[in-house]
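One structure below.
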């Protein structure tokens, strides 16, 4: 049998995983369609809602998975910085498509630009005396300025196409975008699982991690790169303006209820799932912006978590004097 040419082999290596992921997305869609038909749920009759729920559920895992580390490292604003550079990546994709007709997905260019921006943030922090917030501010303004310039160069022709990326849109989550998100989810989940101990070490005691021989700069770059992937993935339904909220709000809510890091991580995933699934449902029902609706639900979850945490602390304080009194009484006896 003749050898397969290297170019053909490369195409096969790329297309095989895509076909598998596409099949899984189709299987998910068929399952939700079956549930909608059996239970009479109108919104599950639409394929784009199947994709939206899949993307939302995966984002509700990815965002807290990375966001928990960011919040504990006081890097909550990095998501906002990378979201604005991802906007520049979308503008690059749309501009190139309008100019050359290449047909490249703006999400692909957004991934490339966001990853470059993530590495730039770390590079600026490492090679200059600038703090992380300064490097993030520089990258954020540069990315947003680049996107604005590219839009203006096209005489405003990109403005219509850019709106869905700014605010999110359930109806534009295509099968191809869902496949891309599944691939991003697999990468983020695998990397965090494999490097969990090192990331945890760097997060809570960077100095001790350096002494122990952990390559701290490399893991810092890894974390910012993972953040870039999450931001681009969440941008499909959250939009550039609100995407950073999913990295922070569920994690902040979980911190009000959980006691340890692992418990907080799991709780933030559960709370994010509630916010995303309820938000998508309300967005479809009342024809509101998906990203804004999800964030408002997430903020509502946060407020509820704060109130629950306060009540829990109050009960603990009330029980402590009773226990102390019981202990004193038994001692005196």
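In this note's numbering, the protein residues as written are 4 to 336.
Every residue gets a Cβ at the ideal spot worked out from N, C-alpha and C, and that includes glycine.
{"Item": "Reducing DSSP to helix, strand and coil, say where residue 343 ends up.", "Value": "Residue coverage of the chain in this structure runs from 4 to 336, which leaves residue 343 outside it and unanswerable."}
{"Item": "Mind checking whether residue 146 and residue 120 have CB atoms under 8 Å apart?", "Value": "yes"}
{"Item": "Which of the three DSSP states, helix, strand or coil, is assigned to residue 55?", "Value": "helix"}
{"Item": "DSSP on residue 177, reduced to helix/strand/coil?", "Value": "coil"}
{"Item": "Which of helix, strand or coil does DSSP assign to residue 198?", "Value": "coil"}
{"Item": "Less than 8 Å between the CB atoms is what I'm expecting for residue 47 and residue 35, so what's the real figure, rounded?", "Value": "5 Å"}
{"Item": "Comparing alpha-carbon positions, which option in 220, 268, 142 lies nearest residue 192?", "Value": "268"}
{"Item": "Flag this pair as yes or no: are the beta carbons of residue 89 and residue 116 separated by less than 8 Å?", "Value": "yes"}
{"Item": "Looking only at its chain, what residues have a beta carbon closer than 8 Å to the beta carbon of residue 202, apart from the 5 residues adjacent to it on each side?", "Value": "72, 195, 222, 225, 226"}
{"Item": "Just verifying my parser: in three-state terms, what is the DSSP assignment at residue 11?", "Value": "Confidence at residue 11 is low in this model, with a pLDDT of 38, below 50, so the placement of that residue is unreliable and no value is reported for it."}
{"Item": "Which residue's Cα is closest to the Cα of residue 254: 218, 209, 286, 308?", "Value": "308"}
{"Item": "Report, in whole angstroms, the separation of the C-beta atoms of residue 304 and residue 256, which I expect to be a contact under 8 Å.", "Value": "5 Å"}
{"Item": "With a threshold of 16 other CB atoms inside 10 Å of the CB of residue 123, please say whether the residue is buried or exposed.", "Value": "buried"}
{"Item": "Where does residue 254 fall in DSSP's three states?", "Value": "helix"}
{"Item": "Near residue 135, what residues of its chain come up, given a Cβ to Cβ distance below 6 Å and the 5 sequence neighbours on each side ignored?", "Value": "128"}
{"Item": "To the nearest angstrom, report how far apart residue 45 and residue 39 are at their CA atoms.", "Value": "7 Å"}
{"Item": "Are the stretch 77-87 and the stretch 293-302 touching, with three or more C-beta to C-beta distances below 8 Å?", "Value": "no"}
{"Item": "Pull up the CB-CB distance for residue 67 and residue 93, whole angstroms please, since I reckon it's below 8 Å.", "Value": "At roughly 24 Å, the Cβ-Cβ gap does not stay under 8 Å, so residue 67 and residue 93 are not in contact."}
{"Item": "Got a sec, what are the start and stop residues for the alpha helix (DSSP H) residue 92 sits in?", "Value": "81-103"}
{"Item": "Please list the terminal residues of the continuous alpha helix (DSSP H) segment that includes residue 139.", "Value": "135-156"}
{"Item": "Hey, is the stretch 198-214 in contact with the stretch 271-286, meaning 3+ C-beta pairs nearer than 8 Å?", "Value": "no"}
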